[in-house]
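Protein chains: 2
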Amino acid sequence: MPKKSYGELKPPERLLLGAGPSNIDPRVLRALSFPIVGHLDPYFMEVMDDTVELLRYAFKTKNQITFPISGTGSAGMESAICNVVERGDEIVACINGFFGERIREIIDRCGGRSIEVRAPWGKIIEKEAVEEALANSNAKAVAIVHAETSTGVLQPLREIAKIAHEYDALLIVDAVTSLGGCELEVDKWGIDICYSASQKCLNCPPGLAPITVSERAMDVIRNRRTKVQSWYLDLLTIEKYWLESSRIYHHTAPILLVYALREGLRFLYEEGLESRWIRHKENIQALISGLEEMGLNIFTDRNYMCPVITAIKVPHNVKDRRIRERLQEEYNITISGGLGELKGKVWRIGLMGINSNKKNVILVLEALKNALKKEGYNLEK
Amino acid sequence: MPKKSYGELKPPERLLLGAGPSNIDPRVLRALSFPIVGHLDPYFMEVMDDTVELLRYAFKTKNQITFPISGTGSAGMESAICNVVERGDEIVACINGFFGERIREIIDRCGGRSIEVRAPWGKIIEKEAVEEALANSNAKAVAIVHAETSTGVLQPLREIAKIAHEYDALLIVDAVTSLGGCELEVDKWGIDICYSASQKCLNCPPGLAPITVSERAMDVIRNRRTKVQSWYLDLLTIEKYWLESSRIYHHTAPILLVYALREGLRFLYEEGLESRWIRHKENIQALISGLEEMGLNIFTDRNYMCPVITAIKVPHNVKDRRIRERLQEEYNITISGGLGELKGKVWRIGLMGINSNKKNVILVLEALKNALKKEGYNLEK
Chain G
1 MPKKSYGELK PPERLLLGAG PSNIDPRVLR ALSFPIVGHL DPYFMEVMDD TVELLRYAFK
61 TKNQITFPIS GTGSAGMESA ICNVVERGDE IVACINGFFG ERIREIIDRC GGRSIEVRAP
121 WGKIIEKEAV EEALANSNAK AVAIVHAETS TGVLQPLREI AKIAHEYDAL LIVDAVTSLG
181 GCELEVDKWG IDICYSASQK CLNCPPGLAP ITVSERAMDV IRNRRTKVQS WYLDLLTIEK
241 YWLESSRIYH HTAPILLVYA LREGLRFLYE EGLESRWIRH KENIQALISG LEEMGLNIFT
301 DRNYMCPVIT AIKVPHNVKD RRIRERLQEE YNITISGGLG ELKGKVWRIG LMGINSNKKN
361 VILVLEALKN ALKKEGYNLE K
Chain U
382 MPKKSYGELK PPERLLLGAG PSNIDPRVLR ALSFPIVGHL DPYFMEVMDD TVELLRYAFK
442 TKNQITFPIS GTGSAGMESA ICNVVERGDE IVACINGFFG ERIREIIDRC GGRSIEVRAP
502 WGKIIEKEAV EEALANSNAK AVAIVHAETS TGVLQPLREI AKIAHEYDAL LIVDAVTSLG
562 GCELEVDKWG IDICYSASQK CLNCPPGLAP ITVSERAMDV IRNRRTKVQS WYLDLLTIEK
622 YWLESSRIYH HTAPILLVYA LREGLRFLYE EGLESRWIRH KENIQALISG LEEMGLNIFT
682 DRNYMCPVIT AIKVPHNVKD RRIRERLQEE YNITISGGLG ELKGKVWRIG LMGINSNKKN
742 VILVLEALKN ALKKEGYNLE K
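Residue numbers (my numbering), protein chains in the order written: chain G, 1 to 381; chain U, 382 to 762.
Have a look at this one:
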């Protein structure tokens, strides 16, 4: 039964320094307030064209097939996988965290056979292990996460792309957390399918998943024996709406979210991708130094730290959830706990897009220090 | 290559009187500007709970499983179908318009076998035809469109629900266009799965697809032999996030769109569903009378006219597209052309949610009259 009445929305003003979503750029918020037009309006076609161009810039690609999927990052993941996989296909699934597991799950649901390459959470996937999996299978693709949000690991991709191509396999990369914050070169590195999300380093509302697909991958997709099992996520039909002049209606695009994405990308373009990568690196370095000065330990392998999110070991005897609650209730700062096997064992602090700045580094360090103190945890050992 | 620079968004102020999206309620726009919180924030849990309650009100249901899918209406359609269908399952697909065809396509992609029940576009599906299909098959479900946006037909559902249940089949209903504008009683009529979209009569941005599922249907879903082929649209896992106190993370909900949906539903709740149905009926009646006075002919079967959208025959010798362009360029009014086999043959005028009012009826009639006059079409025959 509904209540008698429902009040106004009154969300608290959080500083979102967790694993995402990040805060929304005020410019993006403004874009959301602009008048909506139809999904076939000539004005919207211009917005779409700009968005596609700006996405190509962000992904560093010339791929024709580049547009946002109308769903969150996980819809991007499912689209990437289900467009490639046909029943019985073997796919190398690289699993060193929560989102690698999700990739495996989706491959299986598409009727594919996952060839698992596992590494401990917090470590990277070694290229030798990928090579071995490719040598011992008939894999059509390798799927791997660039920035594993669950562990803070940044996965090197160049060598793995080379190996995949040597074995005539495609490389599918999850860049949900990395796009716009971490160095990423789709064309130069040889990534065939790369997908991301709007709500991390692009500071847009969640609900869109940018994707880009190489010609090599499109050849595979165009030559499938069977239709893609998902109608909604079928790249060949979405392409007709997003990229062809005929603009054949597929589904109603999330128009306001596309306004927002264009604005988030415009901001990125104005700052410049490379400057952004540097900014993210500098700020995460400052954060990590501060955390270590406080006596906290980083969970992630130090050689492969992601510049937009870091995972910190929850100290012995400290109540994970209580600290996060204090940060939220007393400082209006949201950080994330651990996912899957890291539940209760790590905190995750993200500095994504506009949130990657010195002020936030200082704020979260100070708040965390005070919360730990209040909970009686003695930092100076 | 990106351009040197990208300008500010400057969308025209359209009055959206086509097949959807409709204009966004200013209250909903305001809701979109509120601060974003995390998808696991206790405040967002309250927003989710309100949204679920208000959706139950809008669908007239007590179904536990009621929440928005994170995609547009077509994602709702795919979710409804792929959660029910397993490989080889027979499903009665009722096809009397563009969206019925889409249902068939999605059933096929889920590995189901469509038992087609066809009626001419503009006519309803007769219950006898559904009964015959059920008698001659082993169908697990009947899938049918309530308000066929492509033709303006409103499909009676009560009898078809009864027949489906007699044959132990589920009834899946597409209420993308009807929810919040047309009389719809999920529980009383015996609808098992009903999905809709945010951007029609709810005046929210496109990007969410409310869905509700009966216990009868959930029993079928819980007893599947195989996993649902889509991970993203799997109701059993989405349920754990939306409805269980554990709030197990599935994917990042489109938080701002949920704010918006809550506000759109709050507005609906304040007006009252029944008052809304009456308002939509009255305004579409006024529109139809006006169109006929102008000498235009309605395409839709007069006994089954949908109160939120109507299809008008494009008069002989009139250039469909030219008239729509004139409306858009000279009056900033968007109406829709025909889809599929009706391309070039009908115009579709929608009065959805806040757009269903007397002022808009007068405006669109006057604009259409003038546009036809300017194109040399003599209305008074």
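Just so it is clear, CB atoms sit at the ideal spot from N, CA and C, and this is done for glycine as well.
Everything numeric in this text was worked out from a predicted model, so none of it was measured.
Where residue i and residue j are concerned, what is the direct C-alpha to C-alpha distance, given to the nearest angstrom?
{"i": "G/C82", "j": "G/S230", "result": "7 Å"}
{"i": "U/L672", "j": "U/I476", "result": "28 Å"}
{"i": "G/L233", "j": "G/A58", "result": "22 Å"}
{"i": "G/H146", "j": "G/D174", "result": "6 Å"}
{"i": "G/I312", "j": "G/R102", "result": "23 Å"}
{"i": "G/V92", "j": "G/V130", "result": "8 Å"}
{"i": "G/Y6", "j": "U/M429", "result": "12 Å"}
{"i": "G/G338", "j": "G/W347", "result": "6 Å"}
{"i": "G/R224", "j": "G/A169", "result": "15 Å"}
{"i": "U/K740", "j": "U/L746", "result": "10 Å"}
{"i": "G/R222", "j": "U/K750", "result": "47 Å"}
{"i": "G/K10", "j": "U/L397", "result": "29 Å"}
{"i": "U/I704", "j": "U/E674", "result": "18 Å"}
{"i": "U/E706", "j": "U/T715", "result": "8 Å"}
{"i": "U/T607", "j": "U/V601", "result": "12 Å"}
{"i": "G/L236", "j": "U/Q709", "result": "30 Å"}
{"i": "U/S627", "j": "U/E427", "result": "14 Å"}
With a threshold of 6 Å on Cβ separation, who are the neighbours of residue i within its own chain once the five nearest residues in sequence on each side are excluded?
{"i": "G/P21", "result": "Q199, P206"}
{"i": "G/G97", "result": "W121, E148, S150, T151"}
{"i": "G/I238", "result": "H250"}
{"i": "U/A598", "result": "L551, D573, I574"}
{"i": "U/L589", "result": "P449, S579, L638, L642"}
{"i": "G/R87", "result": "G111"}
{"i": "U/I454", "result": "For the sequence presented, residue 454 of chain U should be read as Gly rather than Ile. Counting only Cβ-Cβ distances below 6 Å, and skipping sequence neighbours, we find V557, A578, A590."}
So which residues on chain G does residue i lean against when the C-beta distance must stay under 9 Å?
{"i": "U/L638", "result": "P205, P206, G207, P254, L256, L257"}
Does residue i come within less than 7 Å of chain U when only Cβ atoms are used?
{"i": "G/R326", "result": "no"}
{"i": "G/Y43", "result": "yes"}
{"i": "G/H251", "result": "yes"}
{"i": "G/L29", "result": "yes"}
{"i": "G/S33", "result": "yes"}
{"i": "G/S178", "result": "no"}
{"i": "G/T151", "result": "no"}
{"i": "G/G181", "result": "no"}
{"i": "G/G86", "result": "Correcting the residue identity first, residue 86 of chain G is Glu in this sequence and not Gly. Not one chain U Cβ lies under 7 Å of G/E86."}
{"i": "G/G100", "result": "no"}
Does the beta carbon of residue i sit closer than 7 Å to a beta carbon anywhere in chain G?
{"i": "U/I405", "result": "yes"}
{"i": "U/Y685", "result": "no"}
{"i": "U/R539", "result": "no"}
{"i": "U/A456", "result": "yes"}
{"i": "U/K608", "result": "yes"}
{"i": "U/E747", "result": "no"}
Starting from the C-beta of residue i, find all residues in its chain whose C-beta is less than 8 Å away, skip the five residues before and the five after it, and write them out in chain order.
{"i": "U/V689", "result": "A528, T558, S559, G562, C563, K581, C582, H661, I665, G731, L732, M733, S737"}
{"i": "U/K726", "result": "F680, K694, V695, D701, G719"}
{"i": "G/D108", "result": "S114"}
For a contact meaning CB atoms closer than 8 Å, what does residue i contact in chain U?
{"i": "G/Y57", "result": "P383"}
{"i": "G/V37", "result": "P392, P393, R395, L397, T715"}
{"i": "G/Q64", "result": "Under the 8 Å cutoff, chain U gives no residues; its nearest Cβ is about 13 Å from G/Q64."}
{"i": "G/E263", "result": "L390"}
When DSSP builds the beta bridges, which residues end up paired with residue i?
{"i": "U/R494", "result": "U/E471"}
{"i": "U/T593", "result": "U/T447, U/C575"}
{"i": "G/S336", "result": "G/R348"}
{"i": "G/G173", "result": "Checking the sequence, you will find Val at residue 173 of chain G rather than Gly. The partner list for G/V173 (beta bridge, DSSP) reads G/I144, G/C194."}
{"i": "G/V153", "result": "G/E148, G/M305"}
{"i": "U/Y691", "result": "According to the sequence provided, residue 691 of chain U is Thr. The question's Tyr does not apply to it. BP columns for U/T691 point to U/I730."}
Determine the chain G residues that contact residue i at a beta-carbon separation under 7 Å, and present them in chain order.
{"i": "U/A528", "result": "Neighbours of U/A528 on chain G: none; closest Cβ ~15 Å, over 7 Å."}
{"i": "U/I487", "result": "W231"}
If the cut is a Cβ gap below 7 Å, which residues of chain U does residue i touch?
{"i": "G/D50", "result": "Y387"}
{"i": "G/L372", "result": "Near G/L372 there are no residues of chain U at all, since even the closest Cβ is about 21 Å away, more than 7 Å."}
Considering only residues of the same chain and omitting the five flanking positions on each side of residue i, which have a CB-CB separation below 7 Å?
{"i": "G/K62", "result": "R56, D187"}
{"i": "G/P12", "result": "N332"}
{"i": "U/P647", "result": "It is worth fixing the name first, because residue 647 of chain U is Arg in this sequence and not Pro. Result list for U/R647: L435, in chain order."}
At 8 Å on the CB atoms, spell out the chain G contacts of residue i, in chain order.
{"i": "U/E620", "result": "Per Cβ cutoff of 8 Å: no residues; U/E620 is ~16 Å from chain G at best."}
{"i": "U/V428", "result": "L9, P11"}
Going along chain U, which residues have a C-beta under 9 Å from residue i?
{"i": "G/L273", "result": "Per Cβ cutoff of 9 Å: no residues; G/L273 is ~11 Å from chain U at best."}
With a threshold of 6 Å (Cβ to nearest heavy atom), would residue i be considered close to the ligand SAM?
{"i": "G/V130", "result": "Judged by which ligands are present, the structure shown has none, so any question about the ligand SAM falls away."}
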